[in-house]
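In our numbering, the protein residues as written are -11 to 248.
Pasting the structure below:
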């Protein structure tokens, strides 16, 4: 969901918190694909890249200076309870751009990204890595040059075609802890859930594909209208969150909030 979690972090900072301890992006789903033993709901090529890269964490030290550092893939597992019936999902550290972008604009002590991959998915990724099948550099096979990762992607079903075989929901969101505007400890999860049945009925696209696409569309609408403007390279967290969240709701897919 490129952009939503950044927008949620900005909204939390502007409207809900006076001081933020941690901004933790937490994504998970309960999606099931019928008829396949293993069928990723998003590009396996990109998923391999994200999940096998060292995850990045941002944290302020005792001197008050913020620093980025990496951890091993799939590290720091935690069980996160996702809303709207998805329920508890174990999430692990994954390399993602939010950790690099959000702290540049939103004041916090720590920023993380964790994704609910599941044990089977993690085992598959580890096996691909052990066999060298995550590599992108071409190898020679019977006189032909092929990329191992391209072969893996070609052997799996195209995620965009899986919608009519999928059931369940996908959730992207930002969990924030700190001190609320009232001066008391506060915790909240700002989230965006897409039900595959709904996205297929309304748009003919499966939930993960649609959720990935709709956020850039909303952002482009705001840029085109002049609502979001600026010079240079700016991430979603650099802009007012309210117009984005309002327009997302107008698209028929409202965001939610759960206070802890």
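A virtual CB, placed ideally from N, CA and C, is assigned to each residue, including glycine.
In this text the structure is predicted, and so the values were computed from the model without any measurement.
Mind checking who residue i pairs with in its DSSP beta bridge?
| i | result |
| --- | --- |
| residue 173 | 167 |
| residue 180 | 160, 243 |
| residue 79 | 66 |
| residue 8 | 166 |
| residue 99 | 11, 46 |
| residue -2 | Note: residue -2 sits in no beta bridge, so no partner. |
| residue 20 | 155 |
| residue 54 | 48 |
| residue 129 | 132 |
Tell whether a beta-carbon distance below 8 Å holds between residue i and residue j.
| i | j | result |
| --- | --- | --- |
| residue 68 | residue 14 | yes |
| residue -2 | residue 225 | yes |
| residue 78 | residue 181 | no |
| residue 101 | residue 86 | yes |
| residue 21 | residue 118 | no |
| residue 203 | residue 19 | no |
| residue 116 | residue 140 | yes |
| residue 0 | residue 121 | no |
| residue 31 | residue 147 | yes |
| residue 91 | residue 46 | yes |
| residue 151 | residue 193 | yes |
| residue 216 | residue 227 | yes |
| residue 17 | residue 74 | yes |
Nearest to residue i by CA position, among the options, is which residue?
| i | options | result |
| --- | --- | --- |
| residue 232 | 213, 246, 220 | 213 |
| residue 104 | 83, 98, 123 | 83 |
| residue 81 | 74, 106, 90 | 106 |
| residue 39 | 112, 12, 46 | 112 |
| residue 160 | 195, 147, 188, 145 | 195 |
| residue 222 | 162, 97, 207 | 207 |
| residue 144 | 94, 126, 35 | 35 |
| residue 5 | 237, 173, 211 | 173 |
| residue 162 | 51, 70, 28 | 70 |
| residue 114 | 96, 41, 171 | 41 |
| residue 199 | 210, 29, 165, 2 | 29 |
| residue 9 | 164, 125, 236, 171 | 164 |
| residue 166 | 247, 93, 234, 190 | 247 |
Roughly how many angstroms separate the alpha carbons of residue i and residue j, rounded to a whole number?
| i | j | result |
| --- | --- | --- |
| residue 129 | residue 26 | 25 Å |
| residue 7 | residue 48 | 14 Å |
| residue -10 | residue 131 | 40 Å |
| residue -4 | residue 54 | 21 Å |
| residue 11 | residue 123 | 32 Å |
| residue 158 | residue 62 | 20 Å |
| residue 65 | residue 88 | 20 Å |
| residue 98 | residue -6 | 14 Å |
| residue 205 | residue 59 | 33 Å |
| residue 241 | residue 201 | 12 Å |
| residue 230 | residue 23 | 41 Å |
| residue 236 | residue -8 | 9 Å |
| residue 44 | residue 126 | 28 Å |
| residue 189 | residue 245 | 25 Å |
Does any heavy atom of the ligand HEM sit closer than 7 Å to the C-beta of residue i?
| i | result |
| --- | --- |
| residue 225 | Because no ligand of any kind appears in the structure shown, any question about the ligand HEM cannot be addressed here. |
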